[in-house]
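Engineer:
Chains as they are written, first to last, in the numbering used here: chain S, 170 to 274; chain R, 3 to 641; chain V, 38 to 211; chain X, 32 to 526.
(1) Give the single residue among R:227, R:255, R:11 whose Cα lies nearest to the Cα of residue 140 of chain R.
(2) Establish whether the CB of residue 150 of chain V and some CB of chain S are separated by less than 7 Å.
(3) Give me the chain X residues within the contact set of residue 174 of chain R, using Cβ-Cβ distance strictly less than 7 Å, ordered along the chain.
(4) Roughly how many angstroms lie between the CA atoms of residue 510 of chain R and residue 524 of chain R, to the nearest whole one?
(5) On the three-state DSSP scale, how would you describe residue 84 of chain R?
(6) Does the beta-carbon of residue 361 of chain R have 16 or more other beta-carbons within 10 angstroms, so that it is buried, or is it exposed?
(7) Give me the Cβ distance between residue 250 of chain X and residue 209 of chain X, rounded to the nearest whole Å; I'm assuming they're in contact under 8 Å.
(8) Apart from the five residues on each side of it in sequence, which residues of its chain come closer than 7 Å, Cβ to Cβ, to residue 229 of chain S?
(9) With burial defined as no fewer than 16 other Cβ atoms inside 10 Å of the residue's Cβ, what is the status of residue 210 of chain V: buried or exposed?
(10) What residues in its chain sit with their C-beta under 6 Å from that of residue 73 of chain X, if we drop five residues either side in the sequence?
(11) Since residue 118 of chain V sits in a beta bridge, which residues does DSSP pair it with?
(12) Are any of the Cβ atoms in chain R nearer than 7 Å to that of residue 434 of chain X?
(13) For residue 489 of chain R and residue 36 of chain R, I'd like the C-alpha separation in whole angstroms.
(14) Find out if the Cβ-Cβ distance for the pair residue 323 of chain R, residue 456 of chain R is shorter than 7 Å.
(15) At least one CB of chain V closer than 7 Å to the CB of residue 625 of chain R: is that the case?
(16) Which partner residues of residue 239 of chain X appear in the DSSP bridge assignment?
(17) To which residues of the same chain is residue 458 of chain X closer than 6 Å at the C-beta, ignoring the five residues directly before and after it?
(18) Just the C-alpha distance for residue 621 of chain R and residue 71 of chain V, rounded to the nearest angstrom, thanks.
(19) Just verifying my parser: in three-state terms, what is the DSSP assignment at residue 617 of chain R?
(20) Give every residue of the same chain whose Cβ lies closer than 8 Å to the Cβ of residue 342 of chain R, excluding the five residues on either side of it in the sequence, and list them in chain order.
(21) Would you kindly work out how many angstroms separate the C-alpha atoms of residue 497 of chain X and residue 133 of chain R, rounded to a whole number?
(22) Using the C-alpha atoms, what's the distance from residue 216 of chain X back to residue 327 of chain X?
(23) Listed from N- to C-terminal order along the chain, which residues in the segment 613-624 of chain R have their beta-carbon within a distance smaller than 7 Å of any beta-carbon of chain A?
(24) Using DSSP's beta-bridge definition, name the partner residues of residue 701 of chain R.
(25) Assess, as a yes-or-no matter, whether the segment 181-199 of chain S is touched by the segment 51-63 of chain V under the definition of 3 or more beta carbon pairs within less than 8 Å.
(26) May I ask you to list, following chain order, the residues of the segment 129-155 of chain V that have a beta carbon less than 8 Å from some beta carbon of chain R?
(27) Measuring CB to CB, does residue 127 of chain R end up less than 7 Å from residue 38 of chain R?
(28) Along chain X, which residues have their Cβ under 7 Å away from the Cβ of residue 338 of chain R?
(29) Residue 375 of chain X: which of X:362, X:407, X:392, X:337 sits nearest, CA to CA?
(30) Can you tell me which of V:76, V:69, V:108 puts its alpha carbon nearest to the alpha carbon of residue 44 of chain V?
(31) DSSP three-state label for residue 51 of chain X, please.
(32) Taking only the alpha-carbon atoms, compute the straight-line gap between residue 235 of chain V and residue 256 of chain S and give it to the nearest angstrom.
(33) Determine the closest residue to residue 110 of chain X out of X:439, X:161, X:88, with distance taken between C-alpha atoms.
(34) Count the other CB atoms within 10 Å of the CB of residue 643 of chain R; is the residue buried (16 or more) or exposed (fewer)?
(35) Using a Cβ-Cβ distance under 7 Å, would residue 216 of chain X count as near chain R?
(36) From this set, X:257, X:431, X:70, X:93, which residue's C-alpha is nearest residue 359 of chain X's C-alpha?
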């Protein structure tokens with residue numbers, strides 16, 4: 170509980186963060202930037218887990234634990250993503266999205 | 003009165019055809035010739051036996067020749083309508099049997115000499131037998147459909163025989179032309195048959211021709227465009243007949259058909275097949291006469307008269323002797339048609355009918371003879387053209403004499419066969435229609451003129467230098483000439499009016515001396531002119547040519563009918579109908595179908611960029627989609 | 038006091054988040070993200086989840102950001118200007134995001150949360166015992182799964198990053 | 032095993048045996064034995080049918096009914112009448128001749144014969160089915176192998192042709208399926224159990240509105256494979272690309288499924304729809320008759336000529352079916368049979384000529400009568416049969432059609448009939464054109480002088496097809512009466 174701060178305000182902030190992440194995900198043209206946007210989205214949702222745990226179910230720890238898992242998965246994901254980016258860069262010397270569209274059609 | 007043996011008359015040539023056709027390669031030519039002749043000889047003997055039996059033994063009852071029919075169902079259309087196969091014995095069919103048998107037998111014998119050494123000797127005899135079979139079937143037919151069936155078969159035998167020298171392009175195109183033109187005419191015939199079948203409910207000649215039968219009595223019950231449907235049917239059937247008998251304007255195939263071997267021309271295109279049209283009209287004569295008071299018959303008369311005149315004029319100018327004979331045939335067929343056209347039905351009224359049949363008979367003999375003589379001449383000089391001939395009388399005495407007999411016969415000089423038959427025709431025409439009579443007389447003169455033109459041109463006139471000295475043909479060829487010449491002489495004395503008449507009762511025919519004198523006079527005048535022009539070399543003929551000028555040119559170009567037909571078929575049918583249809587099919591019909599396919603491909607080509615492979619695009623579509631869906635749901639819930 | 042801190046953290050987070058997704062310099066973008074992550078940690082501190090905040094700082098700010106920076110340095114010239122999307126695309130996305138945000142917010146504000154007043158703190162021991170508990174509500178199984186996942190990710194990352202040699206072999210095998 | 036199911040079982044056994052064969056020699060022997068057995072069974076069936084017919088006056092004889100999909104009441108329901116017996120005989124003969132003609136099929140012989148026999152299973156099954164759904168299944172079985180047969184063993188732009196043919200026929204099948212389902216869902220207007228059984232459906236009266244709606248769908252669905260104008264364009268390309276035996280089977284048998292289906296399903300089950308729509312389809316069929324003939328005149332590829340001639344002849348079949356009376360229907364069935372034999376013969380001959388001269392372009396050929404007399408002579412005979420010469424099957428069929436069509440009195444029918452009749456002249460033109468250019472005239476190419484003479488297996492194939500043509504043409508009575516008798520219950524529905 171943050172004294173004087175209602176759950177609404179926090180949820181508002183996380184929503185804003187979430188959509189900033191979405192915006193970035195869609196508009197950026199670089200794989201790393203996209204990764205950054207994904208991190209933003211993840212964080213926004215992690216905050217939600219934690220906040221809801223704290224405000225609504227203070228006796229439980231599910232939210233916290235889930236956020237821990239999410240952080241772990243995020244770490245794994247980032248590691249893989251970065252290795253993919255590097256591997257890709259080795260192959261085509263670019264990490265721009267426009268160069269990576271062999272999956273089309 | 004068992005006459006089931008008559009079925010053998012057509013069947014024997016059929017068997018011969020199958021035998022020679024199937025074992026084509028394995029039969030020695032000489033054997034095939036004998037087989038062919040022997041087969042036909044049997045048929046001929048049977049035909050004569052039949053004729054004797056019919057005319058003199060059992061044919062007559064109460065002074066009227068009876069019609070005997072024996073038939074069996076060949077195919078059922080409906081419960082009441084069926085095609086029958088069978089034989090019908092009545093005066094004209096028996097007479098035709100005789101005609102076909104004699105000419106065919108003579109041609110068979112003649113061919114053994116004429117075709118000697120030819121590659122397709124066996125094939126030739128096979129086709130001849132096929133033709134004989136078809137022709138016998140045609141004359142014995144009991145109903146319209148049967149006659150149509152054999153009608154087509156003679157057409158195809160004619161096609162095969164005209165195209166016998168199939169490596170020669172002109173023969174191929176002539177055969178094609180003959181078949182297609184007659185087929186076109188047969189279209190009319192077929193539609194006519196369909197009409198008759200539908201409105202009268204029968205195809206049987208017996209039922210159709212019965213003057214007291216339903217078919218004739220009810221002719222007025224249904225009409226179409228002011229005429230009875232039956233009149234239309236008869237006109238259409240006559241178109242079929244006109245196609246086979248080379249009546250104007252369906253005559254164009256006949257001169258070209260001379261591309262076939264000469265015996266074929268003699269058999270098919272002079273004596274037998276081409277008279278099928280006349281026979282058809284004669285066969286349906288009661289219908290022609292009674293339905294709508296002979297409206298269709300008048301058409302027959304005028305078409306016949308015009309064709310006779312038209313062909314005679316052209317014949318005067320042709321230089322290919324076989325073509326002269328071809329146009330002469332056409333002209334004589336016109337004669338027969340006009341005779342039918344001016345005929346009545348009962349007793350002496352039916353003189354025209356009798357005369358037509360008489361002329362058919364006589365013409366078959368002397369025209370076959372003329373062709374065979376021409377064949378003999380061609381065989382000797384290896385050319386069809388008058389300019390390559392001349393003075394042949396010394397080398398080919400028998401041919402000379404027989405040709406002269408035939409020419410006199412066709413010119414109507416007594417006592418040859420043509421005189422009697424032609425005289426009857428002119429009498430009949432004189433009694434019914436003066437205009438046609440004068441046409442007839444004029445044509446008689448022309449006939450005499452052009453026939454003696456070629457006679458003098460071939461056997462007299464200036465002697466051409468021949469590469470090989472021409473010699474008389476072998477006995478196998480001259481024997482038929484002599485037989486036919488004999489028949490051309492005595493044929494006229496057969497009392498036809500006793501045997502073959504419209505009402506089958508027979509009557510006494512007498513010579514009408516004034517009219518006969520006129521006809522003979524005109525004929526002699528024609529012969530005299532030819533004598534003057536062509537017997538010895540002189541320039542009278544050239545003067546005449548110059549006198550007529552452009553008219554001569556038109557005539558010798560056959561009034562450009564071939565060109566008109568060619569224009570219609572090549573330019574209009576092929577290039578203006580067929581080619582556009584083929585193009586239309588490729589471009590529009592197929593194009594539409596292919597277009598549908600292409601549109602599908604095009605559409606997917608267009609929308610495939612939606613599947614860009616960029617995750618961001620998908621994400622955007624996802625987000626936008628979710629947003630839109632949520633808005634839609636909210637909107638729907640709140641309402 | 039907490040209000041002021043919260044609002045300033047919130048402001049920092051939003052501003053840097055925006056900066057992070059719009060900056061045309063790669064490295065700056067990453068650094069802005071670092072600030073956002075730190076802000077997140079700040080919020081955890083505010084609600085008294087100290088362990089979580091520490092994790093956030095170490096794993097995210099310490100680990101992931103470093104990883105990303107490495108990759109940026111490996112594949113990019115630091116000074117390179119990033120391409121940006123077409124304006125129409127930006128506007129469209131912004132509008133979609135705004136509408137989405139609007140929907141989120143209306144949904145959130147129209148929902149009555151059953152807030153429980155409390156000031157409990159959660160100790161690391163609590164989290165640990167819960168995580169390793171076999172009883173009902175225990176998280177031992179997900180914990181193990183995550184361990185395997187991390188291992189798999191590690192191996193995967195090595196193989197993918199190693200790249201060329203292996204794929205070369207694979208090509209031959211194919 | 033009952034006499035009809037054997038028609039499905041024997042080809043399946045043949046295919047199983049083929050799987051174990053190796054090389055051309057074994058494959059063709061096995062296929063030959065299989066199709067010979069089939070041929071023997073077909074002949075036996077004719078006699079058995081006559082025997083059965085004498086004691087059994089049902090619409091269909093040798094019926095058998097096994098449920099194979101209960102939920103939708105789909106049965107394996109089979110039976111034959113005179114019409115199907117005749118068509119089964121046609122199929123058996125054409126398949127046998129096709130095997131003979133493919134005697135030297137060197138590429139992938141096993142696969143080729145398997146596809147060919149799968150195709151024939153479809154056709155046999157189609158002709159014996161009395162259940163709409165089973166019929167449809169067999170229909171598809173017959174169509175699909177075409178794609179492989181043309182696409183793999185074809186010549187020229189084979190992929191394009193195979194694709195076009197399959198897509199157009201599939202499109203038609205889709206339409207047809209809608210039609211069949213339409214019939215199915217209206218098969219019991221009183222709310223009882225729905226059925227696919229043709230005989231049962233024919234006893235209930237489908238609502239007129241439904242008939243009007245579903246008749247055109249069913250008709251077009253079947254008629255596309257019967258080359259109805261303007262849906263015929265798959266046929267010239269398909270035939271031109273297909274290997275000889277496939278062209279034979281396709282034009283000879285497969286295209287007959289169209290007419291047969293129209294007759295058995297569209298006309299029989301939806302008579303009111305047929306009457307309502309007949310004018311429209313008569314126009315299309317008449318156009319097809321005359322149009323195919325004219326289009327054939329200008330073609331230069333032998334197979335195209337024959338394909339367009341098929342459009343014309345099969346247009347005649349549809350035309351006759353739409354005339355809705357016994358005589359013309361009899362003509363339609365006879366025309367189907369006659370065209371089946373004739374066109375198979377044509378394609379066989381074209382295949383032989385192509386094999387020897389390596390061209391199908393008429394303008395490059397000439398004087399073949401001199402070098403390959405047997406094949407050429409038979410070509411002339413086939414040509415004459417095709418232009419409706421008496422003594423051959425085409426004449427018998429066409430006369431029935433014309434006489435039947437002439438039974439309608441009003442102007443529209445008359446005009447349509449006369450236009451169709453005049454096609455016989457145009458047919459003569461294009462047939463004689465080909466005969467004149469290709470077979471007659473001087474030998475155009477000296478290479479032709481050394482052409483191989485006809486071989487025994489080719490002769491056998493030719494004779495197999497020629498004998499029925501002549502047989503039907505010379506003595507049509509037994510066949511025509513057998514069909515007429517079977518038509519009786521069908522015409523009742525229309526009247």
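Where a beta carbon is used, it is the ideal one built from N, C-alpha and C, also for glycine.
Since we're looking at a predicted model, the values are computed, not measured.
Structural biologist: Checking against the coordinates, here is how it stands:
(1) R:11
(2) yes
(3) 467, 471, 472
(4) 26 Å
(5) strand
(6) buried
(7) The pair is not a contact, with the Cβ atoms about 12 Å apart (cut-off 8 Å).
(8) 222
(9) For residue 210 of chain V, the pLDDT reaches just 41, beneath the cut-off of 50, and the residue's location in the model is therefore unreliable, although a value from the coordinates is still provided. By the 10 Å Cβ count, residue 210 of chain V comes out exposed.
(10) 119, 120, 123
(11) V:62
(12) yes
(13) 24 Å
(14) yes
(15) yes
(16) According to DSSP, residue 239 of chain X bridges with nothing at all.
(17) 324, 418
(18) 25 Å
(19) helix
(20) 280, 283, 284, 287, 290, 299, 302, 303, 306, 354, 355, 358
(21) 22 Å
(22) 42 Å
(23) Here chain A cannot be found, since the structure's protein chains are S, R, V and X.
(24) The question about residue 701 of chain R has no answer here: the residues shown for chain R are numbered 3 through 641.
(25) yes
(26) 129, 130, 133, 134, 136, 137, 140
(27) yes
(28) Those do not exist, as residue 338 of chain R stays about 26 Å from chain X at its closest Cβ, beyond 7 Å.
(29) X:337
(30) V:76
(31) coil
(32) Past the boundaries of the shown model lies residue 235 of chain V; chain V is included only from 38 to 211, so the question cannot be answered.
(33) X:161
(34) In the structure as shown, chain R begins at 3 and stops at 641. Residue 643 of chain R is therefore absent and cannot be evaluated.
(35) no
(36) X:431
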